[in-house]
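Trainee: The numbers in the UniProt record's numbering rise by one with no breaks, and the one at position 151 of the sequence shown is 151. We put the CB at the ideal spot given by N, CA and C, even for glycine. Can you read through this structure? Questions will come right after.
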Amino acid sequence: LSDSRAETLIKSGRTDHLRYFLGKRRAFDEYWQSYKIAVRNGYEMADISLWCDYVDMLSCLGKDIHSPKFLCPTNLKAEHDRRQEELNRQREREEITKKQQKAMEDEKRFKELKSKFFGIHFTDGTIQVHVLESVREHLEEGATMHHCVFSNEYYLKEDSLILSATIEGKRIETIEVSLKSFEVVQSRGVCNKNTEYHEQIVNLVNANRRLI
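What follows is the structure, encoded as structure tokens:
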């Protein structure tokens, strides 16, 4: 073997570690410096795979992977699990931040597309219909009605306008109107089912489509 690192491991009797590194050539380059520091500090690695995974997490968490303080935990398994939980929390925060950023971008785009329709509302005395005016309103509509108006991002569809039909403030059906034909594409109640007010809602929207 020409790799001096392999020779070092053979001479020190760490053939199990050598087998691991040879099976993952990239690991030799990524972990070797950290590995040497840990070994110089007398650290014994009963599970080289777990240790390398642990070092990976330290790196992702921005910890110093050349510090014996981090590289030589007394209880590797417990410290590995603790860092795993920490990394999961970090990723959750990053995901939340990403979603918040996307929501802000979506809101801006949504307003560019649909703000001219904001304020449209009409009633037949029983049913009130109004245009949803924010991404959050689409989120709340989808969550309450158990359908995909939010998850499928209807608010970003250029040719669709989403309205909500309510009775005394309670959501009854969600309506999609085509901005090409100005006709009702669909009107859905909870779990995409039609309600007893379905025909009345569709007729009400069609009767007032001139407002759109």
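1) So, E173 versus S151, is the Cβ gap smaller than 7 Å?
2) How would you label L1, buried or exposed, when you count the other beta carbons within 10 angstroms and need 16 or more for buried?
3) Rounded to the nearest angstrom, what separates residue 213 and P73 at their Cα positions?
4) Can you check which of these residues, G169, V131, G23, is closest to L211 by C-alpha distance?
5) Please classify C52 as buried or exposed, where buried requires at least 16 neighbouring CB atoms within 10 angstroms.
6) Going along the chain, which unbroken runs of the beta strand (DSSP E) with 3 or more residues stay wholly within the segment 22-82?
7) Could you pull the start and end residues of the alpha helix (DSSP H) that K11 belongs to?
8) What residue ranges within the segment 119-191 form continuous alpha helix (DSSP H) runs of no fewer than 4 residues, ordered along the chain?
9) Buried or exposed: G189, going by 16 or more other Cβ atoms within 10 Å of its Cβ?
10) Which whole-angstrom value describes the C-beta separation of L113 and R83, a residue pair presumed to lie in contact below a C-beta threshold of 8 Å?
11) Assign L204 to one of three DSSP states: helix, strand, or coil.
Mentor: Looking at the coordinates:
1) Working through the sequence shown from its first residue, we reach residue 173 at position 173. Working through the sequence shown from its first residue, we reach residue 151 at position 151. Inclusion of E173 and S151 in the CB contact set at 7 Å is not warranted, their separation being larger than that value.
2) Taking the first residue of the sequence shown as position 1, residue 1 is located at position 1. Caution applies to L1, whose pLDDT of 47 falls short of 50 and renders its modelled position unreliable; the value that the coordinates give is listed next. Classification of L1: exposed, given that the 10 Å Cβ count is below 16.
3) Within the shown structure, residues of the chain are numbered from 1 to 212, placing residue 213 beyond reach of any answer.
4) Stepping through the sequence shown from its first residue, residue 211 is reached at position 211. Selected option, being the one with the closest Cα: V131.
5) If you number the sequence shown from 1, residue 52 lands on position 52. That one is buried.
6) Listed in chain order, the beta strand (DSSP E) elements of length 3 or more contained wholly in the segment 22-82 amount to none.
7) Your numbering for residue 11 matches position 11 in the sequence shown. For K11, the enclosing alpha helix (DSSP H) begins and ends at 4-11.
8) Counting only runs of 4 or more, we get 135-145.
9) Position 189 of the sequence shown holds residue 189. Taking every protein chain shown into account, the CB of G189 has 16 or more other CB atoms within 10 angstroms, so this residue is buried.
10) In the sequence shown, residue 113 corresponds to position 113, counting from 1. In the sequence shown, residue 83 corresponds to position 83, counting from 1. With 8 Å as the limit, L113 and R83 do not qualify as a contact, their Cβ atoms being about 44 Å apart.
11) Residue 204 sits at position 204 when you count from the first residue of the sequence shown. L204: helix per DSSP, three-state reduction.
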